[in-house]
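This report refers to the structure that appears directly beneath it.
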C-alpha cells in the first residue's frame, strides 16, 4: 500500500466516524447533545478537508482546483444525496411509502449521473 493511500484511509476513517457521530448526536433527541454534536461533526468535516489537501499535496497536485465542472459536480452530489434522503424520510418516517420510493429512485438516478460526469463516457 502506498503511503498516500494509507494516510487517506486513516484520515478518511477518522473524519467520517467523527462526522457520523456528530450527526447522530445532533439528530437523536434522546441523546440530548445537539451542541456537542455540531462541534464533533465540524471537527470531522475539518479532518476530511485536511485529508483532501494532504492527499493532493502527496500526489504533487495543487491543493484544491476549482472550476465550473468541479462546482457543478459537487452541487449534483449534494442534490442527489438530499433527494435520496428526503425519499427515505418519506418512506420511513412520514408514512408515504410509494412517493418515498419514487423520490428515492430519483435521488439514486441523480447520484448515478455522477459516474459519467466524473469518469466520462468512452
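In the working numbering, the protein residues as written are 230 to 351. Where is the CB? At the ideal position from N, CA and C, for every residue including glycine. This structure is a prediction, so every number in the text was calculated from the model and none was measured.
The Cβ-Cβ distance between residue 289 and residue 247 does not fall below 9 Å. Within a 10 Å sphere around the beta-carbon of residue 271 sit fewer than 16 other beta-carbons, which makes this residue exposed. Per DSSP, residue 234 is one residue of the alpha helix (DSSP H) stretching across 232-256. Excluding its 5 nearest sequence neighbours in each direction, residue 335 has C-beta neighbours in its own chain below 6 Å: 312, listed in chain order. Taking C-beta separations shorter than 6 Å and ignoring five residues to either side along the sequence, residue 249 has no partners in its chain.
In this structure, residue 269 sits near residue 251, with a CB-CB distance shorter than 9 Å. Residue 266 and residue 255 do touch by the CB rule: their CB atoms are close to 4 Å apart, below 8 Å. Each residue's CA atom was taken as its position, placing residue 310 and residue 337 some 8 Å apart. Looking at the backbone, the Cα of residue 277 and that of residue 308 are separated by about 20 Å. Around the C-beta of residue 333, 16 or more other C-beta atoms lie within 10 Å, and the residue is accordingly described as buried.
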